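This report refers to the structure that appears directly beneath it.
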Ligand code: DGI
Ligand code: FE
Ligand code: FE
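In this note's numbering, the protein residues as written are 152 to 341.
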């Protein structure tokens, strides 16, 4: 699938607002890919497709999770977490995408995971800092993203975990695994 096919696909599946967000994520991801020397092709495809399942009804997302190898424990967490894994599944099974860089970046774009790749972090961060985002702490993450991809990802994860805890929400384990993993890096261990 090339870039214009991906754009056409998400345009047909997403609301106008979500499509506009997607295009901002793609632009932001392009800048990060240049900054961190990551090949544009995989990054662009992942950015365009990251929210491909975002506007699918939760009932449908649930059906896909139950009828796949995706972990059923996703269903005990907030349905906001389902669109990443299901998006990756659909792009693999229905669109024939085989590039693991693209599939993993889509799959983990909401939660993160231990051992995030450069491509994973670029998509995760671009989603977090695209120009229309304006939650507390986002400017710090924007600044950090210009100098250190891992540190910026760590800051975003820490903000998200804090935010979830403050509203008494559950935190998916992969988010903690991603945070712990990058905490080692931020504290000087490698
Ligand atoms: O799809 P978007 O709106 O562009 O952004 P997103 O995929 O990051 O997802 C949605 C929200 O999911 C995010 O603002 C916080 C919420 N959320 C709920 N539980 C968790 C979670 N985010 C993470 N990282 N981990 C969770 O366990
Ligand atoms: Fe998303
Ligand atoms: Fe998004």
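Quick reminder that beta carbons are idealized off the backbone N, C-alpha and C, glycines included. It should be emphasised that the depicted structure is a prediction, and the values quoted were computed from it without experimental measurement.
So the alpha helix (DSSP H) residue i belongs to, where does it begin and stop?
i	result
residue 109	Past the boundaries of the shown model lies residue 109; the chain is included only from 152 to 341, so the question cannot be answered.
residue 338	Run containing residue 338: none; DSSP gives neither H nor E here.
residue 319	Neither: residue 319 is in no alpha helix (DSSP H) and is coded neither H nor E.
residue 266	Here residue 266 belongs to no alpha helix (DSSP H), and DSSP marks it neither H nor E.
residue 157	154-164
residue 210	209-217
residue 170	167-186
residue 252	251-258
residue 290	289-298
residue 198	191-200
Using 8 Å for Cβ pairs, my map puts residue i next to residue j. What's the rounded Cβ distance?
i	j	result
residue 306	residue 291	6 Å
residue 330	residue 309	6 Å
residue 169	residue 283	Actually they are not in contact, since the Cβ atoms of residue 169 and residue 283 sit about 12 Å apart, beyond 8 Å.
residue 263	residue 275	6 Å
residue 243	residue 172	Actually they are not in contact, since the Cβ atoms of residue 243 and residue 172 sit about 23 Å apart, beyond 8 Å.
What do you reckon, is the C-beta of residue i under 7 Å from a heavy atom of ligand 2?
i	result
residue 278	yes
residue 261	yes
residue 317	no
residue 202	yes
residue 205	yes
residue 235	yes
Given the structure, does residue i come close to ligand 1, in the sense that its CB is under 7 Å from one of the ligand's heavy atoms?
i	result
residue 172	yes
residue 227	no
residue 232	yes
residue 269	no
residue 322	yes
Using a Cβ-based criterion (distance less than 7 Å to any ligand heavy atom), does residue i qualify as near ligand 3?
i	result
residue 176	yes
Is it true that the region 214-222 meets the region 178-198, where meeting means three or more beta-carbon pairs spaced less than 8 Å apart? Counting Cβ pairs under 8 Å, fewer than three are found: no touch.
If you pair each beta-carbon of the region 187-206 with each one of the region 236-243, do three or more pairs fall below 8 Å? yes
Does the region 265-272 touch the region 160-172, meaning 3 or more C-beta pairs lie closer than 8 Å? Cβ pair count under 8 Å is below three, so no.
Does the pairing of the region 225-232 with the region 184-198 give three or more beta-carbon distances under 8 Å? no
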